[in-house]
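In our numbering, the protein residues as written are 332 to 810. In what follows, a structure is listed as structure tokens, so that the remarks can point back to it.
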């Protein structure tokens, strides 16, 4: 298969005005944090992008107090129509500053600029547009009698989709009348702090959105704070379990969107090239840093060899490198710690007897990089088939019958997503009914829309985000 050399097509960094240091965003203003600062670095080059303040318990107290004051005095008293106007304003500003957000997201996260530009930022804006429309229609959303906000919501988001996860959290919270204290991940805080500028530009009342930066202890302080009425968390299953234990026996509500080990199931009647593209998108999109990534491929035995050949041929065309280059398909791993975990688990996979393959493509000398990798000869008991690797690693298993495919797909502690590839509509419906997954895609994968609810079962968490169902978590009902 011929290969093509692409001339570099780098996106300019000039659109981003990076500050040397950032404080916390509390009560509508940037303030210095009481703790030490930490560095936010570019995973592609390891350069320091900015120094960021670490919030202390006292800072969390101030943020929660600001959110409570804004809730009782302004936001909860405002009509839904007026709240919606602010969300529309935020959505329009995100669109106007889309290039700036995309470049900063790629710098801080390591994902390819074409993904930040074409996926993360547009869908983030779409969530604010969508929820703005709901703000004055909550009584018609079938949420129960007399839907009203919880109050102050503590939100903790991960590093894989920093801006998009912020939008998933903040948009429904504001639409339903809550105020927010949000903590971004310590490795990717910069787009959340840029979003704070958007809140100022939109003239959002002070205290409605507060953004505090820091590591695990900062998140724990939010979870434990008595002034927080609800927790919304996206991240690892381990941390989700800790949060559930922390709030057990309290009045706090929670939604937890956690890990996954999704199966992409390909039947012998599927269009193979289309399915190959879906598999590649399912696991190598965002370097595999996706909770619902299709990290397990279940392919029907009769087409396994041909599918393996075509899949490897397609992986040979993926371009790994500078995330700011518009031609790049696979960017940098987000951190040294995550790269070390990916390396450790893939070494375990080889040690357990699975057969490893990668394209052997050249990698940059600086930064955190890992080649897209396939494991064949994988069994259900292998750790790479059971544990979430959260990287560009695909485990391939085979099956003979639909019943066997269902049994293997469901043989996981997770239940977030799954994919089905077949031409038979009846088979799609039967499989979707049998699979223990919150989201099931048919002849596609990793498709997201703010109108559609997203969430999982088992150790993938509970609650839904997006759509009318996602509003339910942000209101209480009854007398």
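Yeah, the Cβ is synthetic: ideal placement off N, Cα and C, and Gly gets one too. For clarity, every value in this text was computed on a predicted model and none was experimentally measured.
Distance between residue j and residue i (C-alpha atoms, nearest Å)
i: residue 720; j: residue 673; result: 6 Å
i: residue 346; j: residue 382; result: 20 Å
i: residue 738; j: residue 594; result: 11 Å
i: residue 667; j: residue 507; result: 39 Å
i: residue 650; j: residue 555; result: 44 Å
i: residue 702; j: residue 618; result: 9 Å
i: residue 803; j: residue 474; result: 6 Å
i: residue 764; j: residue 526; result: 40 Å
i: residue 800; j: residue 715; result: 33 Å
i: residue 477; j: residue 694; result: 57 Å
i: residue 528; j: residue 481; result: 26 Å
i: residue 734; j: residue 760; result: 14 Å
i: residue 547; j: residue 364; result: 16 Å
i: residue 620; j: residue 395; result: 31 Å
i: residue 585; j: residue 709; result: 36 Å
i: residue 402; j: residue 782; result: 26 Å
i: residue 899; j: residue 558; result: Past the boundaries of the shown model lies residue 899; the chain is included only from 332 to 810, so the question cannot be answered.
i: residue 338; j: residue 657; result: 10 Å
i: residue 535; j: residue 399; result: 15 Å
i: residue 520; j: residue 568; result: 21 Å
i: residue 424; j: residue 418; result: 10 Å
i: residue 370; j: residue 628; result: 37 Å
i: residue 552; j: residue 784; result: 29 Å
i: residue 573; j: residue 711; result: 28 Å
i: residue 404; j: residue 576; result: 32 Å
i: residue 810; j: residue 470; result: 14 Å
Residue i vs residue j beta-carbon contact at 9 Å
i: residue 769; j: residue 795; result: yes
i: residue 355; j: residue 392; result: no
i: residue 610; j: residue 587; result: no
i: residue 686; j: residue 638; result: no
i: residue 460; j: residue 522; result: no
i: residue 566; j: residue 493; result: no
i: residue 745; j: residue 561; result: no
i: residue 786; j: residue 771; result: no
i: residue 630; j: residue 727; result: yes
i: residue 652; j: residue 791; result: no
i: residue 377; j: residue 699; result: yes
i: residue 498; j: residue 458; result: yes
i: residue 385; j: residue 373; result: no
i: residue 415; j: residue 375; result: no
i: residue 452; j: residue 427; result: no
i: residue 774; j: residue 533; result: no
i: residue 491; j: residue 541; result: no
Closest by C-alpha distance to residue i, when choosing among the options
i: residue 766; options: 788, 741, 777; result: 741
i: residue 422; options: 450, 708, 455, 451; result: 455
i: residue 438; options: 388, 540, 379, 781; result: 379
i: residue 486; options: 464, 417, 514, 408; result: 514
i: residue 793; options: 806, 747, 552, 665; result: 747
i: residue 336; options: 535, 647, 563; result: 647
i: residue 736; options: 632, 504, 679; result: 632
i: residue 689; options: 697, 681, 705; result: 705
i: residue 429; options: 364, 495, 469; result: 495
i: residue 780; options: 360, 340, 462; result: 462
i: residue 361; options: 762, 530, 684, 464; result: 530
i: residue 599; options: 640, 730, 797; result: 730
i: residue 420; options: 568, 505, 669; result: 505
i: residue 640; options: 707, 340, 572, 516; result: 707
i: residue 563; options: 797, 809, 722; result: 797
Contact set for residue i: own chain, Cβ-Cβ below 6 Å, skip 5 residues either direction
i: residue 443; result: 654, 659, 662
i: residue 524; result: 353
i: residue 358; result: 397, 537, 538
i: residue 501; result: 511
i: residue 570; result: none
i: residue 545; result: 385, 386
i: residue 697; result: 376, 377
Cβ separation of residue i and residue j, assumed to be a contact under 8 Å, to the nearest whole Å
i: residue 509; j: residue 483; result: 7 Å
i: residue 601; j: residue 753; result: 5 Å
i: residue 665; j: residue 518; result: 6 Å
i: residue 503; j: residue 788; result: Contact doesn't hold; Cβ gap of about 21 Å is too wide.
i: residue 807; j: residue 582; result: With a Cβ gap of about 10 Å, residue 807 and residue 582 do not count as contacting.
i: residue 683; j: residue 713; result: 5 Å
i: residue 743; j: residue 778; result: In fact, because the Cβ distance is near 21 Å, the residues do not count as touching under 8 Å.
Close Cβ partners of residue i (< 7 Å) along its chain, the five nearest in sequence each way excluded
i: residue 776; result: 595, 609, 612, 613, 625, 750
i: residue 670; result: 664, 699, 701
i: residue 407; result: 480, 508
i: residue 349; result: 380, 381
i: residue 351; result: 381, 382
Closer than 9 Å to chain C by CB, residue i
i: residue 418; result: In the structure shown, chain C does not exist; there is a single protein chain.
Contact test: residue i Cβ vs the ligand MN heavy atom, cutoff 8 Å
i: residue 368; result: The model on display carries no ligand, and the ligand MN is accordingly not part of it.
Nonlocal neighbours in the same chain, by C-beta distance under 8 Å from residue i, ignoring five residues either side
i: residue 434; result: 342, 343, 344, 346, 347, 444, 447, 655
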